[in-house]
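Participant:
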Amino acid sequence: MGIRSFAADLLPAALQGRPRQLPAMAPAVGTAPTEVASFAELADKLGYLGKADLKKVRDAYKFADEAHLGQFRASGQPYITHPIAVAGLVADWKLDAQAIMAALMHDAMEDCGVTKVELIERFGAPTAELVDGLTKLDKLQFSTREESQAESFRKMLLAMSRDVRVILIKLCDRLHNMRTMEAMAPHKRARIARETLDIYAPIAHRLGLNQTYRELQELSFSFIHPWRFGALQKAVLRARGYRRDIVSRVHDDVVAAFNEAKMKVEVSGREKTVYSIYRKMEEKHAGFAQVNDIFGFRIIVQTMPECYLALGVLHQLYKPVPGRFKDYIAIPKPNGYKSLHTTLVSPLGTSVEFQIRTEEMHAVAEAGIAAHWLYKVGQEANPGDVAQRLGALWLKSLLDIQDETRDAGEFLEHVKIDLVPDAVYVFTPKSKILALPKGATPVDFAYAIHSDVGDHCVAAKINGEPATLRATLNSGDVVEVVTAPGARPNPAWLNFVRTGRARSKIRHYLKTLENEETQALGQKMLAQALRAEGLPLPPQEATEGRPSIWPVLLRWSGNRTPADLLTDVGTGKKIATIVAKRIAQLLREQGQVPDAVTLSLGRYSHDDNAPSQGLVVIDGSEGGSITLAPCCRPIPGDAIVGYLGRGEGLVVHTADCSVGKRLFERDRERWMQVEWSEEPIRAFETAVSVVMRNGKGALAQVAQAISSAEADITHIDMGDEAVGTTAEMRILVSVRDRQHLADVLRTLKRSAAVLKVQRVKPS
1 MGIRSFAADL
11 LPAALQGRPR
21 QLPAMAPAVG
31 TAPTEVASFA
41 ELADKLGYLG
51 KADLKKVRDA
61 YKFADEAHLG
71 QFRASGQPYI
81 THPIAVAGLV
91 ADWKLDAQAI
101 MAALMHDAME
111 DCGVTKVELI
121 ERFGAPTAEL
131 VDGLTKLDKL
141 QFSTREESQA
151 ESFRKMLLAM
161 SRDVRVILIK
171 LCDRLHNMRT
181 MEAMAPHKRA
191 RIARETLDIY
201 APIAHRLGLN
211 QTYRELQELS
221 FSFIHPWRFG
231 ALQKAVLRAR
241 GYRRDIVSRV
251 HDDVVAAFNE
261 AKMKVEVSGR
271 EKTVYSIYRK
281 MEEKHAGFAQ
291 VNDIFGFRII
301 VQTMPECYLA
311 LGVLHQLYKP
321 VPGRFKDYIA
331 IPKPNGYKSL
341 HTTLVSPLGT
351 SVEFQIRTEE
361 MHAVAEAGIA
371 AHWLYKVGQE
381 ANPGDVAQRL
391 GALWLKSLLD
401 IQDETRDAGE
411 FLEHVKIDLV
421 PDAVYVFTPK
431 SKILALPKGA
441 TPVDFAYAIH
451 SDVGDHCVAA
461 KINGEPATLR
471 ATLNSGDVVE
481 VVTAPGARPN
491 PAWLNFVRTG
501 RARSKIRHYL
511 KTLENEETQA
521 LGQKMLAQAL
531 RAEGLPLPPQ
541 EATEGRPSIW
551 PVLLRWSGNR
561 TPADLLTDVG
571 TGKKIATIVA
581 KRIAQLLREQ
591 GQVPDAVTLS
601 LGRYSHDDNA
611 PSQGLVVIDG
621 SEGGSITLAP
631 CCRPIPGDAI
641 VGYLGRGEGL
651 VVHTADCSVG
661 KRLFERDRER
671 WMQVEWSEEP
681 IRAFETAVSV
691 VMRNGKGALA
701 QVAQAISSAE
711 ADITHIDMGD
721 EAVGTTAEMR
731 ILVSVRDRQH
741 LADVLRTLKR
751 SAAVLKVQRV
761 KPS
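Just so we're aligned: 443 in full-length UniProt numbering is position 443 of the sequence shown, and the numbers increase by one with no gaps anywhere.
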């Protein structure tokens, strides 16, 4: 018949004319599969390469062997056995000669002092670029191990965006290291295993390398939680015996059903990995006995339409479990994975999962982007081009994030978010499908369409119904985003967005906006400080034959651009008066004299007892560069002063604030004059303490009194103490100015429930 056993993992041996028994499973984790340990064994795997390429690989081996001479691994083996083993894994995917050469030399630059120029001269630029992409940066350049790892990871991923072979070789390198990690100290094993589980296994999954993904997960789990792994592995071995009859009967029924339908298929049994069983137990808060779908079956058919025919045969054989059917052929996973998944109820009442796919789908499912080398060598001019395109969307998002942030730790955080394997599939109003991480929101959706849509979104509709921007999207939702020209990203969005792209775009926008505001503040402060010197702020370009002083000024200040210097002044990293005196000195050296009118204005406005820097006007339109101190919460009408914190921007205190007075005594040169605008454009928060009788409706009376005074309550705090006959609460109220606050306090005092009310000031 047309049915044959594709793998012997769980299939009854009676099909092969032997007594019915379950065959031995794959070797336990920690006992590595047979690996190449010599170049002769590696050469046996390279039969798909031409003679010229084989010679290049042999030269690369000799170079690596000489470079690693005298080096040994923790196990005591010569170090060269590791590059040979990595090259063997790369050869299993049938990658080209350049990739094999890079695998052999992947540690030469880092461990042996070989330079990139030397590699280019001997082996060509493409191979040298691959090795450079795999090489970690010099750890001495970084302050912490975490920073070094993040920067190395960023470099590797950006190299991967240029050539996907970088990550394929890196995954082979990590896989061999994980297989041979027994000789290392336990704490090092656990750290490397955690990094593998968090970063490298998800990358393998994202690129569709499922065999590598499963093995990396399994190995990582065995090193992070060895006791749990051992207990579960024993439970799985016992379960094979208990469930032998179930597996045998289901297999026989499936074989008979496809025989009757006259369909040529391949049936294979498979067993879930120990780690996936552990994850399921954690998610369901269940014991091992409650996890039913440990075993499953895979059906391989000839053509794509036959996938759906096979699905019909299975659904006629057993009843499907509602809600457990997934069509990854119509809507493939982001990594290119295609299959039909269905869960059926067996005659014994247990759930059994089936995967239905074609041979080509199976190749991509197991080897992902590497399948385009493994299965198409000789059939395409450059299978790497196809593989590169497969990962193009994710790689493009990495480059977008790289453009938005130069901080290695932040970049790594965004990438970790984007590596989440679970996805939801949503539709635009024009029926375009977008894949987003599980838990994604309309804001993530908006940024996935275009950064401008995300920056200006104000509302959303899900399936035609209005929804909040923090609503969670589900597969099948039709999402529509409402935008407004004047809208801009809200910092609160960072609390709920899930995609790295959305997070990096929001942060970049807010940083850019804050920098612009801080730069404008710095320019204003510097111009006002120069008034005391009787000089205007000099132009950045040379004028009237007079050279610009800015290049000399920037060398003195240590800044790269005038914008950086102004930003430092605005954030308080540099004092405006000191910079102004240096500018005045440079201008005097050019022969420029102070203007009498400007000088008199500067001296007229300057008071020896007042803070030492220029005047800034507060109207409520300021962004992150100017903040109102939370200790005293100044409002229009209060006498105020400004403290220029180191890197914090300008913090405004009331003149009688005790916290501000202590800062003034300690750091007088960092204070400057500020005043309120005659027409503030918004309301301001201040704190009010209310002591009230504790009775029915007392809180409602207080709220009514504040509302009747046309003020808004933004926060109420009653503390942690038990409430007695009286209660004290602190209320943040939003008022226009001191006069408005006085009206609020008078209205509260007239309330029958209120015993005492006063504005809160720092002690």
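Even glycine gets a Cβ: it sits at the ideal position worked out from N, Cα and C.
#1: Buried or exposed for D607, going by 16 or more other Cβ atoms inside 10 Å?
#2: Leaving aside the five residues before and after P680 along the sequence, list all residues of the same chain whose C-beta is less than 7 angstroms from its C-beta, in chain order.
#3: Give the range of the alpha helix (DSSP H) segment to which P83 is assigned.
#4: In three-state DSSP terms, what is T654?
#5: If T94 sits next to Y48, beta carbons under 8 angstroms apart, how far is it from one beta carbon to the other, in whole angstroms?
#6: Could you tell me whether any Cβ in chain C is nearer than 8 angstroms to the Cβ of S346?
#7: Helix, strand or coil for L434 per DSSP?
#8: Taking all protein chains shown into account, decide if G660 is buried (16 or more other Cβ within 10 angstroms of its Cβ) or exposed.
#9: Cβ atoms of L216 and residue 765: under 8 angstroms apart, would you say?
#10: Name, in chain order, the residues that DSSP records as bridge partners for D327.
#11: How would you write the range of the alpha helix (DSSP H) that H740 sits in, first residue to last?
#12: In three-state DSSP terms, what is S38?
#13: Alpha carbon to alpha carbon, how far is R503 from V479? Give it in angstroms, no decimals.
#14: From the DSSP secondary-structure annotation, give me the bridge partner or partners of Y509.
#15: To the nearest whole angstrom, what separates the beta carbons of F684 and S734, a pair I think is in contact under 8 angstroms?
#16: Decide if the region 504–524 is in contact with the region 562–570; the criterion is three or more beta carbon pairs, one per stretch, under 8 angstroms apart.
#17: In the DSSP output, which residue or residues are listed as bridge partners for F297?
#18: Return the CA-CA distance between T468 and K262, expressed in angstroms with no decimal places.
#19: Name the DSSP bridge partner or partners of V482?
#20: Is the distance from the Cβ of R498 to the Cβ of D455 below 8 angstroms?
#21: Alpha carbon to alpha carbon, how far is V458 from K280? Give it in angstroms, no decimals.
#22: Alpha carbon to alpha carbon, how far is D59 from N490? Give it in angstroms, no decimals.
#23: Taking buried to mean at least 16 other C-beta atoms within 10 Å of its own C-beta, is W227 buried or exposed?
#24: Nearest-angstrom Cα distance between D712 and I706?
#25: To the nearest angstrom, report how far apart Q21 and L494 are at their CA atoms.
#26: According to DSSP, is M718 helix, strand or coil?
#27: Please report the distance separating the alpha-carbon of D92 from that of V453.
#28: To the nearest angstrom, report how far apart V702 and V641 are at their CA atoms.
#29: Closest to P536 by C-alpha separation, out of L745, K461, A580, would be which residue?
#30: With burial defined as no fewer than 16 other Cβ atoms inside 10 Å of the residue's Cβ, what is the status of L237: buried or exposed?
#31: For R759, I'd like the list of residues in its chain whose CB is within less than 8 angstroms of its CB, leaving aside the five on either flank, ordered along the chain.
#32: Rounded C-beta distance between S346 and I246? I'm assuming under 8 angstroms.
#33: Can you tell me whether residue 765 is buried or exposed? The criterion is at least 16 other CB atoms within 10 Å of its CB, across all chains shown.
#34: Mapping the DSSP letters down to three states, classify T571 as helix, strand or coil.
#35: In whole angstroms, what separates the C-alpha of A527 from that of Q585?
#36: So, L554 versus R582, is the Cβ gap smaller than 8 angstroms?
Facilitator: From the atom records:
#1: Indexing the sequence shown from 1 puts residue 607 at position 607. Confidence in D607 is poor, its pLDDT being 45 and thus under 50, which makes the residue's placement too unreliable to answer from.
#2: Here residue 680 refers to the residue found at position 680 of the sequence shown. For P680, where only same-chain residues beyond five positions count, the Cβ hits under 7 angstroms are D619, G620, P636.
#3: Within the sequence shown, the letter at position 83 stands for residue 83. Per DSSP, P83 belongs to the alpha helix (DSSP H) from 81–92.
#4: By 1-based counting over the sequence shown, the position of residue 654 is 654. Of the three classes helix, strand and coil, the one that applies to T654 here is strand, per DSSP.
#5: Residue 94 sits at position 94 when you count from the first residue of the sequence shown. Residue 48 sits at position 48 when you count from the first residue of the sequence shown. The sequence given here has Lys at residue 94, not Thr. At roughly 6 angstroms, the Cβ-Cβ gap stays under 8 angstroms, so K94 and Y48 are in contact.
#6: The displayed structure is made up of one protein chain only, and chain C is not part of it.
#7: The residue given as residue 434 occupies position 434 in the sequence shown. Three-state result, L434: strand.
#8: The residue given as residue 660 occupies position 660 in the sequence shown. Buried.
#9: Here the chain has residues from 1 to 763 only, and residue 765 is not among them.
#10: If you number the sequence shown from 1, residue 327 lands on position 327. L340, per the DSSP bridge assignment.
#11: For the purposes of this step, residue 740 is taken as residue 740 along the sequence shown, with counting starting at 1. 738–749 is the span of the alpha helix (DSSP H), which, as asked, contains H740.
#12: Position 38 of the sequence shown holds residue 38. Correct three-state label for S38: coil.
#13: In the sequence shown, residue 479 corresponds to position 479, counting from 1. In the sequence shown, residue 503 corresponds to position 503, counting from 1. Each residue's alpha carbon lies about 19 angstroms from the other.
#14: In the sequence shown, counting from the first residue as 1, residue 509 sits at position 509. Y509 is not bridged to any residue.
#15: Position 684 of the sequence shown, counted from the start, is the residue given in the question as residue 684. Position 734 of the sequence shown, counted from the start, is the residue given in the question as residue 734. Confirmed, Cβ separation roughly 7 angstroms.
#16: yes
#17: The residue you call residue 297 lines up with position 297 of the sequence shown. DSSP, once it has assigned bridges, lists G269, F354 as partnering F297.
#18: Mapped onto the sequence shown, residue 468 falls at position 468. Mapped onto the sequence shown, residue 262 falls at position 262. So the alpha carbons of these two residues sit roughly 53 angstroms apart.
#19: Mapped onto the sequence shown, residue 482 falls at position 482. According to DSSP, V482 bridges with A459.
#20: Along the sequence shown, read from residue 1 onward, the residue named residue 498 stands at position 498. Along the sequence shown, read from residue 1 onward, the residue named residue 455 stands at position 455. No; because the gap between Cβ atoms is not below 8 angstroms, this pair is not in contact.
#21: Position 280 of the sequence shown, counted from the first residue, corresponds to residue 280. Position 458 of the sequence shown, counted from the first residue, corresponds to residue 458. Computed Cα separation, rounded: 38 angstroms.
#22: Taking the first residue of the sequence shown as 1, we reach residue 490 at position 490. Taking the first residue of the sequence shown as 1, we reach residue 59 at position 59. Using only the alpha carbons, I get a separation of about 57 angstroms.
#23: Here residue 227 is taken as the residue at index 227 of the sequence shown, counted from 1. W227 is exposed by the Cβ-count criterion.
#24: Taking the sequence shown and counting its residues from 1, one reaches residue 712 at position 712. Taking the sequence shown and counting its residues from 1, one reaches residue 706 at position 706. D712 and I706: Cα-Cα distance of roughly 7 angstroms.
#25: What you label residue 21 is simply residue 21 of the sequence shown in a count that begins at 1. What you label residue 494 is simply residue 494 of the sequence shown in a count that begins at 1. Because Q21 sits at a pLDDT of 31, beneath the cut-off of 50, its placement in the model cannot be relied upon, and the following sentence gives the value as read from the coordinates. In a straight line, the C-alpha of Q21 is about 55 angstroms away from that of L494.
#26: Counting from 1 along the sequence shown, the entry for residue 718 is found at position 718. Here M718 sits in coil by DSSP.
#27: The residue you call residue 92 lines up with position 92 of the sequence shown. The residue you call residue 453 lines up with position 453 of the sequence shown. Taking the straight line from one Cα to the other gives about 44 angstroms.
#28: Indexing the sequence shown from 1 puts residue 702 at position 702. Indexing the sequence shown from 1 puts residue 641 at position 641. Distance between the alpha carbons of V702 and V641 is about 32 angstroms.
#29: Counting from 1 along the sequence shown, the entry for residue 536 is found at position 536. Closest by alpha carbon: A580.
#30: In the sequence shown, the residue the question calls residue 237 occupies position 237. An exposed status is given to L237, since fewer than 16 other beta-carbon atoms sit within 10 Å of its beta-carbon.
#31: Reading the sequence shown from its first residue, position 759 is the one you call residue 759. Answer for R759: T686, A687, V688, S689, L741, L745, listed in chain order.
#32: By one-based count along the sequence shown, residue 346 stands at place 346. By one-based count along the sequence shown, residue 246 stands at place 246. Right, the Cβ-Cβ distance comes to about 6 angstroms (below 8 angstroms), so this counts as a contact.
#33: Residue 765 lies beyond the residue range present for the chain, which begins at 1 and ends at 763; the question has no answer from this structure.
#34: As a working mapping, residue 571 is identified with position 571 in the sequence shown. Three-state DSSP puts T571 in a helix.
#35: Taking the first residue of the sequence shown as 1, we reach residue 527 at position 527. Taking the first residue of the sequence shown as 1, we reach residue 585 at position 585. C-alpha separation (whole angstroms): 15 angstroms.
#36: Taking the sequence shown and counting its residues from 1, the one referred to as residue 554 is at position 554. Taking the sequence shown and counting its residues from 1, the one referred to as residue 582 is at position 582. Taking 8 angstroms as the Cβ cut-off, L554 and R582 do not qualify as a contacting pair.
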